[in-house]
Amino acid sequence: MQKVSARSIDQVSMFEILSAHQELIAKFGGHHMAAGMTMDIENIESLAEGLNKWMKELSETTSLDPVKPVDVLLTENDITIKNIRDMNRLRPFGTDFSRPIFEMDDLSVSSVKAIGQQKNHLKLTLGESNIAALFWQNGHLEPELQDEQTN
1 MQKVSARSID
11 QVSMFEILSA
21 HQELIAKFGG
31 HHMAAGMTMD
41 IENIESLAEG
51 LNKWMKELSE
61 TTSLDPVKPV
71 DVLLTENDIT
81 IKNIRDMNRL
91 RPFGTDFSRP
101 IFEMDDLSVS
111 SVKAIGQQKN
121 HLKLTLGESN
131 IAALFWQNGH
141 LEPELQDEQT
151 N
């Protein structure tokens with residue numbers, strides 16, 4: 001018998017998958033995104049085949065792209081020095097109090113420029129308010145964004 005653990009993404013229930021294959025597992029427990037099990041090593045290939053089939057079928061109806069939850073949907077008018085200072089008052093952020101994730105929809109890109117010694121970061125000007133933004137470690141996207149900007 002071997003002990004095995006499994007982790008998942010939000011769109012895939014480990015508990016549901018393992019429940020469907022419990023004849024291959026001596027015992028298991030867990031929840032939606034993680035599980036632990038004990039099983040005979042001789043069943044590992046059959047379980048792998050079952051998991052692969054399950055995932056193939058699931059991927060036909062469900063996006064398996066990573067999902068990052070958004071805490072607040074902002075408008076251009078929400079980007080103010082006062083609001084930035086207020087956000088900074090909430091620090092420190094960490095494991096039990098994560099940094100909030102913001103989203104802004106339908107912003108036009110009026111300028112894009114790769115910056116840094118290796119040109120590995122982007123400096124963007126966004127929206128009607130000309131919001132200055134930095135996009136770290138994404139300088140390689142400059143040509144693509146330049147093309148979109150001119151089209």
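Position 94 (the sequence shown) corresponds to 94 in this note's numbering; numbering is contiguous.
Glycine included, every Cβ here is placed at the ideal spot set by N, Cα and C.
Under 8 Å between C-beta atoms of residue i and residue j
i, j, result
"Leu-122", "Phe-102", "no"
"Ser-5", "Gly-36", "yes"
"Thr-38", "Lys-82", "no"
"Ile-79", "Ile-131", "yes"
"Asn-43", "Leu-24", "yes"
"Leu-58", "Val-12", "yes"
"Leu-124", "Ala-133", "yes"
"Met-1", "Ala-26", "yes"
"Glu-60", "Ser-129", "no"
Among the options, the one whose alpha carbon lies nearest that of residue i
i, options, result
"Gln-117", "Ala-133, Gly-139, Asp-96 and Val-109", "Gly-139"
"Asp-40", "Asn-77, Gln-22 and Met-55", "Gln-22"
"Ser-8", "Ala-20, Leu-124 and Met-55", "Met-55"
"Met-87", "Val-72, Leu-107 and Glu-144", "Val-72"
"Glu-148", "Thr-75, Ser-98 and Ser-111", "Ser-111"
"Gln-146", "Gln-137, Ser-19, Glu-128 and Ser-108", "Ser-108"
"Leu-141", "Glu-16, Glu-128, Lys-119 and Ser-129", "Lys-119"
"Gly-127", "Asp-96, Val-70 and Leu-74", "Leu-74"
"Arg-99", "Leu-90, Asp-105 and Asp-106", "Leu-90"
"Val-70", "Ser-19, Pro-92 and Asp-105", "Asp-105"
"Asp-10", "Thr-62, Thr-95, Phe-93 and Pro-92", "Thr-62"
For residue i: DSSP bridge partner residues
i, result
"Phe-28", "Met-37"
"Gln-2", "Met-39"
"Phe-135", "Leu-122"
Does the contact criterion of 3 or more C-beta pairs under 8 Å hold for the region 30 to 38 versus the region 57 to 67? no
Could you tell me which uninterrupted beta strand (DSSP E) segments, each at least 3 residues in length, are contained entirely in the region 49 to 120, listed from first to last along the chain? 72 to 74, 102 to 104 and 109 to 115
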